[in-house]
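First up is the structure itself, then whatever we jot down about it.
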């Protein structure tokens, strides 16, 4: 079953929902644990109905008595919310093999959404951003919400530049409950700027995790002789030599990753480096670990 | 190792093209997309690093291809044979077919020895057959087919030609210049000493040629021969004719030989002569009965030896009537006529009767009875007489004018029809006289006559005759002997006198020969030669303008000229001994006799030392067994000196390099496509 977490294998599966189910089921089966661990169904309180709430949770008895619509809230729902922030800038379209960074992010996001929605009954939201917020799915856990998240993921195409400040500032307005925010990007920006933009998400006690998704060629690029490189986002061109790529560039990318990791740890933000040729279990395991810690 | 065409090595400069292309290729790399250039730094890389060449192996292969192409065209060669290959060489089988090879079975022995060489020849060795006589006749191409070589050898027959080993050396030089392999020259001959040239340097063989001698008939064979016959070519009075025949013996003991004179095939006299051992003896036939016309004469001996072809000497005598010449001189000048007549009568032939007259007496003479007319320093000819003389010349007559002190006083020369520019009296100069400086050897009356430089000329008349042929010129370039055509006839001018005042020519012995030649020339009787040698050429077309057809009737009764040759050929070599009846292009008939060169009669072989010295002139040392008939191995030094062209190997390596380059380039191209 572990092979089913291989990005190359998942890339051959059509349908993001099937990918998500394949990943999560396989992942969970590998854990040898109950599928409902950490889940609570104890009644907590009523809350006034708001557009978008699942009608199944409306307490129709209260409505009959008071002519007001309330929904019942349980402990699990009040404590868990997963917000997925997906970078869909042009640089995410880079691929040195069959799976691009954006495709890999789709797999992760779909798997996390599936795991959170179907298994953990968590509300899941999605923000697709580039230089602006291009798509936004508010967090919810009702029936059919997962399909909406997956549909938005499928529609995400790599384009435009990356800007962390504007989308994340925009997102703060929708983060009213504690939960977990997962930011998936290649993070080609100064680490200080990234942390500065991400730190405000930690309001209301949210856990923030950065998944830096990079292609193996970005970490250990190989060029034959002298090559002319074109920036996918800016279109700038630069001729680089093989010696530079083998030496100086690797030092700089390693320093960049280490710097981001160090800055994230200092800010209390989780950080994980994911390579597009690695299985997805790393990301799922991280999510569950945080979820368990929160419960 | 060397290069046969080193100029093509300049093509190696083309390697600059792939080097430049590889540098260019590097700078024109295909762009590729990358996520972000944020972590790349704009850098200044060194020119050297920028120009570093990619695909070294491919570049080296391409350079190798170009170098190999240039090398193949430059034709590299090495000396010595390549390992694992048989040494290449060209066998040249030269069979002597000269007259001396008629002795006994010499030619058959030579042929047998040559056939043995052909039989022992490796299959892939090329060989060539040459017959060496008056010339080197190449009978085959350079072939490996033994059947062709055998057929050529069997077709060789002995000739009447004289063999010359110097000719063989010339042929070897020509062969060596055109053949890039060692030549093994096998000579099958009786090695006559007379076949060696006087100058031994003519025998020097070129490098790469090994001479192997196969001597046949090594034993000294005694041989008698009619060595020479001294007989006049033209006679008018046979009773005064003396025919002197010399009989020679080569390696012979003292013996008595019977010498017979044949006239038109019939014995006209016979004498017995005692020939000393290896010596000579002469016999004289005086006053033989010679009929009018062209006579076939021969002197033969009872040779009783192995070489009968030289026991007879053929020659041709022409008997004709004496011709008359007219000598016109001033009345006061009686000396020049005396000199001229004395010279004519002193000549061996003396076939001219000279009549002396003064200009006044000339009027009553019938000019048509004279073969030629001499106007000796004549001045003041009447216009009528001059017109008569001119008309006679234009009708085909020939005249000789001498322009001494009297004739020089005129404004123009009569008959010669040229203005007189003046005269030069050399006695008034410091030098006192002038000399002949230039002689036209092709001019029959004066050319090749020795002694002209010793003639003193005291007085000369200058005439304006730019179109005239000049036979003699003085030191100041003044023409002394001129000739110009006039109608159908010709006029010769001696621009001085035949007296002793204007020139001392009458005092010199060559005056007799000069006058005799002039008389023969003017009378139209060209100098005849009683006998020629085999290989000499006869002139069938004396005037190239004549379009008639010539014909030759050979001694064997055949007509050797085909129609094309009969219509065009000017000279024709006499191939064999005997009498040849000629019909010249101008319809005149002639008869010539050809004899075998008597150098062939001396059958004494060359000394072994000389032959070894001859062999030693080649690149390699002479084989120890110079006279063996076995095929010796090629000397090691010659093998080392042999040239092997390596262009074929260069082309093979080139083919491999091209294939490798194609595969490698295809691989690189595939990689580039994938990366792009």
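Chains as they are written, first to last, in this note's numbering: chain W, 977 to 1271; chain G, 360 to 1035. A virtual CB, placed ideally from N, CA and C, is assigned to each residue, including glycine.
Inset, instruction - Keeping to the same chain, check which residues put their C-beta closer than 8 Å to that of residue 858 of chain G; ignore five residues upstream and five downstream. - result: By one-based count along the second chain, residue 858 of chain G stands at place 499. Around residue 858 of chain G: 692, 694, 695, 698, 736, 763 and 865.
Inset, instruction - Could you tell me which of G:571, G:500, G:365 and G:518 sits nearest to residue 971 of chain G, measuring between CA atoms? - result: Taking the first residue of the second chain as 1, we reach residue 971 of chain G at position 612. If we check each option's Cα against that of residue 971 of chain G, G:571 comes out closest.
Legend entry - Closer than 9 Å to chain W by CB, residue 367 of chain G: For the purposes of this step, residue 367 of chain G is taken as residue 8 along the second chain, with counting starting at 1. With 9 Å as the cut-off, residue 367 of chain G does not count as an interface residue toward chain W.
Legend entry - Enclosing beta strand (DSSP E) for residue 357 of chain G [first to last residue]: This structure leaves residue 357 of chain G out entirely; chain G is present only between 360 and 1035.
Inset, instruction - Work out the CA separation of residue 417 of chain G and residue 1022 of chain G for me, nearest whole Å. - result: Reading the second chain from its first residue, position 663 is the one you call residue 1022 of chain G. Reading the second chain from its first residue, position 58 is the one you call residue 417 of chain G. A straight line joining the alpha-carbon of residue 1022 of chain G with that of residue 417 of chain G spans about 10 Å.
Inset, instruction - Grab the span of the beta strand (DSSP E) containing residue 949 of chain G for me, first residue to last. - result: Along the second chain, one-based indexing puts residue 949 of chain G at 590. Counting along the chain, the unbroken beta strand (DSSP E) around residue 949 of chain G starts and ends at 948-954.
Inset, instruction - For residue 1260 of chain W, name the three-state secondary structure that DSSP assigns. - result: To locate residue 1260 of chain W, count along the first chain from 1; it is residue 284. Helix.
Inset, instruction - Determine, using beta carbons only, whether residue 898 of chain G and residue 929 of chain G come nearer to each other than 9 Å. - result: For the purposes of this step, residue 898 of chain G is taken as residue 539 along the second chain, with counting starting at 1. For the purposes of this step, residue 929 of chain G is taken as residue 570 along the second chain, with counting starting at 1. Yes. Within cutoff.
Legend entry - Nearest to residue 1079 of chain W (by Cα), restricted to the options W:1047, W:1134, W:1123 and W:1149: The count along the first chain starts at 1 and reaches residue 1079 of chain W at position 103. In terms of Cα proximity to residue 1079 of chain W, the closest of W:1047, W:1134, W:1123 and W:1149 is W:1134.
Inset, instruction - Drop a sphere of 10 angstroms on the beta-carbon of residue 768 of chain G, count the other beta-carbons inside from all chains shown, and report buried for 16 or more, exposed for fewer. - result: Taking the first residue of the second chain as position 1, residue 768 of chain G is located at position 409. Classification of residue 768 of chain G: exposed, given that the 10 Å Cβ count is below 16.
Legend entry - Those residues which DSSP pairs with residue 671 of chain G across a bridge: What you label residue 671 of chain G is simply residue 312 of the second chain in a count that begins at 1. Assignment of beta-bridge partners to residue 671 of chain G by DSSP yields G:659.
Inset, instruction - Report yes or no: is there a C-beta of chain G within less than 9 Å of the C-beta of residue 1082 of chain W? - result: Here residue 1082 of chain W refers to the residue found at position 106 of the first chain. By this cut-off, residue 1082 of chain W is not an interface position.
Inset, instruction - Along the beta strand (DSSP E) that carries residue 695 of chain G, what are the first and last residues, could you check? - result: What you label residue 695 of chain G is simply residue 336 of the second chain in a count that begins at 1. Per DSSP, residue 695 of chain G belongs to no beta strand (DSSP E); it is in the alpha helix (DSSP H), 694-705.
Inset, instruction - Could you spell out the range, first to last residue, of the alpha helix (DSSP H) harbouring residue 1081 of chain W? - result: Translated into positions along the first chain, residue 1081 of chain W becomes position 105. Per DSSP, residue 1081 of chain W belongs to the alpha helix (DSSP H) from 1077-1090.
Inset, instruction - Report the option in G:891, G:919 and G:948 whose CA atom is closest to the CA atom of residue 954 of chain G. - result: The residue given as residue 954 of chain G occupies position 595 in the second chain. Answer by Cα proximity: G:891.
Inset, instruction - With a threshold of 16 other CB atoms inside 10 Å of the CB of residue 974 of chain G, please say whether the residue is buried or exposed. - result: Along the second chain, one-based indexing puts residue 974 of chain G at 615. When all chains shown are included, residue 974 of chain G counts as buried.
Inset, instruction - Have a look at residue 834 of chain G and residue 785 of chain G and give me their C-alpha separation to the nearest angstrom. - result: Your numbering for residue 834 of chain G matches position 475 in the second chain. Your numbering for residue 785 of chain G matches position 426 in the second chain. Going from the Cα of residue 834 of chain G to the Cα of residue 785 of chain G covers about 12 Å.
Inset, instruction - Assign residue 843 of chain G to one of three DSSP states: helix, strand, or coil. - result: As a position in the second chain, residue 843 of chain G is number 484, starting the count at 1. Strand at residue 843 of chain G.
Legend entry - As assigned by DSSP and simplified to three states, the class of residue 1059 of chain W: Against the first chain, residue 1059 of chain W aligns to sequence position 83. Residue 1059 of chain W falls in the strand class under three-state DSSP.
Legend entry - residue 757 of chain G: first and last residue of the uninterrupted beta strand (DSSP E) it sits in: Locating residue 757 of chain G in the second chain gives position 398, where the first residue counts as 1. Start and end: 757-761.
Inset, instruction - Give the range of the alpha helix (DSSP H) segment to which residue 539 of chain G is assigned. - result: As a first step, residue 539 of chain G must be located in the second chain, where it is residue number 180. Note, residue 539 of chain G: premise wrong, no alpha helix (DSSP H); not H, not E.
Inset, instruction - Report yes or no: do the stretch 1103-1112 of chain W and the stretch 1135-1146 of chain W share at least 3 C-beta pairs separated by less than 8 Å? - result: With the rule of 3 Cβ pairs closer than 8 Å, the stretch 1103-1112 of chain W counts as touching the stretch 1135-1146 of chain W.
Legend entry - Short-range partners of chain G found in the stretch 1190-1212 of chain W, where Cβ spacing is below 9 Å: Within the stretch 1190-1212 of chain W, the qualifying residues are 1190, 1191, 1193, 1194, 1197, 1199, 1200, 1201, 1202, 1203, 1204, 1205, 1206, 1207, 1208, 1209, 1210 and 1212.
Inset, instruction - Look at the Cβ atom of residue 714 of chain G, then the Cβ atom of residue 683 of chain G, and state whether they are nearer than 9 Å. - result: In the second chain, the residue the question calls residue 714 of chain G occupies position 355. In the second chain, the residue the question calls residue 683 of chain G occupies position 324. In this structure, the beta-carbon distance from residue 714 of chain G to residue 683 of chain G falls below 9 Å.
Inset, instruction - Measuring alpha carbon to alpha carbon, tell me which of G:661, G:631, G:528 and G:484 ends up nearest residue 554 of chain G. - result: Taking the first residue of the second chain as position 1, residue 554 of chain G is located at position 195. That would be G:528, whose Cα lies nearest to the Cα of residue 554 of chain G.
Legend entry - Cα-Cα separation between residue 1098 of chain W and residue 1116 of chain W, rounded to whole angstroms: Position 122 of the first chain, counted from the start, is the residue given in the question as residue 1098 of chain W. Position 140 of the first chain, counted from the start, is the residue given in the question as residue 1116 of chain W. Looking at the two C-alpha atoms, the distance is approximately 8 Å.
Legend entry - Whole-angstrom distance between residue 913 of chain G and residue 957 of chain G, CA atom to CA atom: Locating residue 957 of chain G in the second chain gives position 598, where the first residue counts as 1. Locating residue 913 of chain G in the second chain gives position 554, where the first residue counts as 1. Roughly 21 Å between the two C-alpha positions.
Inset, instruction - Would you mind reading off the limits of the alpha helix (DSSP H) that contains residue 649 of chain G? - result: The residue given as residue 649 of chain G occupies position 290 in the second chain. No alpha helix (DSSP H) contains residue 649 of chain G, which DSSP labels as neither H nor E.
Inset, instruction - Taking 8 Å as the threshold, find out whether the stretch 504-513 of chain G comes into contact with the stretch 529-540 of chain G through three or more Cβ pairs. - result: With the cut-off at 8 Å, the stretch 504-513 of chain G and the stretch 529-540 of chain G do not touch.
Legend entry - Pick from G:583, G:455, G:582 and G:925 that is closest to residue 525 of chain G, judged by C-alpha positions: Locating residue 525 of chain G in the second chain gives position 166, counting from the first residue. The candidate whose alpha carbon is nearest that of residue 525 of chain G is G:455.
Inset, instruction - Would you give the residue range spanned by the alpha helix (DSSP H) that residue 880 of chain G belongs to? - result: Within the second chain, numbered from 1, the residue matching residue 880 of chain G stands at position 521. Judged by DSSP secondary structure, residue 880 of chain G falls within the alpha helix (DSSP H) whose first and last residues are 869-881.
Legend entry - Nearest neighbour of residue 519 of chain G, chosen from G:636, G:813, G:668 and G:450 [CA to CA]: Here residue 519 of chain G refers to the residue found at position 160 of the second chain. Measuring from the Cα of residue 519 of chain G, the nearest candidate turns out to be G:668.
Legend entry - Through-space distance from residue 1224 of chain W to residue 1212 of chain W, alpha-carbon basis: The residue given as residue 1212 of chain W occupies position 236 in the first chain. The residue given as residue 1224 of chain W occupies position 248 in the first chain. When rounded, the distance between both Cα atoms is 20 Å.
Legend entry - The beta strand (DSSP E) enclosing residue 415 of chain G, as first and last residue numbers: What you label residue 415 of chain G is simply residue 56 of the second chain in a count that begins at 1. Not the beta strand (DSSP E): residue 415 of chain G falls in the alpha helix (DSSP H), residues 415-433.
Inset, instruction - Taking residue 1127 of chain W as part of the beta strand (DSSP E), name the residues at either end of that continuous run. - result: Along the first chain, one-based indexing puts residue 1127 of chain W at 151. Bounds of any beta strand (DSSP E) do not take in residue 1127 of chain W; it lies within the alpha helix (DSSP H) bounded by 1121-1131.
Inset, instruction - Leaving out five residues on either side along the sequence, give the residues of the same chain with a beta carbon under 7 Å from the beta carbon of residue 770 of chain G. - result: Here residue 770 of chain G is taken as the residue at index 411 of the second chain, counted from 1. Closer than 7 Å at the Cβ level, and outside the excluded window around residue 770 of chain G, lie 778 and 779.
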